[in-house]
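Following: one structure in structure tokens, then a few remarks.
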Amino acid sequence: VPNDGIPLERITTVHLSISIIFGVLAAGGLVFCFICVVFNLIFRNTILIRLTSPNLNYIILAGAALLYVAIFFVTLPDKSETYASVSCHVSVLLTSVGYSLCFGTIMAKMMRIYYIFNNP
């Protein structure tokens with residue numbers, strides 16, 4: 270406990286039932302990402318899928334998959350201090366990269382549509 274501050278409390282584990290629930294949901298999200306990639310590959314030449322830019326859709330789905338994988342690193346039980354540290358750093362890295370891929374690609378799509386309709 271610091272002499273001049275608030276007492277610090279570390280929570281190093283997540284309850285097993287919460288880990289299982291979030292693991293199942295993250296696995297379902299990964300399966301949905303894979304289904305979307307397959308759907309995008311099969312119907313790539315149809316007009317509706319071509320209008321949504323299939324290559325950008327792959328980047329969005331890759332970012333979403335990284336976000337789902339990050340959930341596994343957050344909910345894993347900590348075996349040791351170094352394992353907890355690596356797991357924490359990996360989860361932050363995956364979350365940052367996944368969010369940047371998803372959000373950046375969606376913003377690029379929106380800017381492209383903006384320039385199409387508001388041609389200066």
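If you're matching positions, the sequence shown starts at 270 in the numbering used here and goes up one per residue. Just so you know, even glycine gets a beta-carbon here, dropped at the ideal spot from N, CA and C. Computed from a predicted model, the values in this text were never measured in an experiment.
For residue i, the first and last residue of its enclosing alpha helix (DSSP H)
{"i": "Pro404", "result": "What the structure shows of the chain is the stretch from 270 to 389, and residue 404 is not part of that stretch, so it cannot be assessed."}
{"i": "Ile275", "result": "First-last for Ile275: undefined, no H or E at that position."}
{"i": "Arg319", "result": "Ile316 to Leu320"}
Helix, strand or coil at residue i [DSSP, three-state]
{"i": "Lys399", "result": "In the structure as shown, the chain begins at 270 and stops at 389. Residue 399 is therefore absent and cannot be evaluated."}
{"i": "His284", "result": "coil"}
{"i": "Phe303", "result": "helix"}
{"i": "Phe312", "result": "coil"}
Contacting residues, own chain, Cβ-Cβ under 7 Å from residue i (five flanking each side not counted)
{"i": "Cys305", "result": "Leu330"}
{"i": "Gly292", "result": "Phe341 and Thr344"}
{"i": "Val283", "result": "Thr344"}
Cutoff 6 Å; reference residue i; Cβ partners in own chain excluding five residues on either side
{"i": "Ser360", "result": "Ala339, Phe342 and Val343"}
{"i": "Cys302", "result": "Leu330, Ala333 and Ala334"}
*asked:* Taking 8 Å as the cut-off, does the segment 344-358 touch the segment 300-320 (at least 3 CB pairs, one atom from each stretch)?
replied: no
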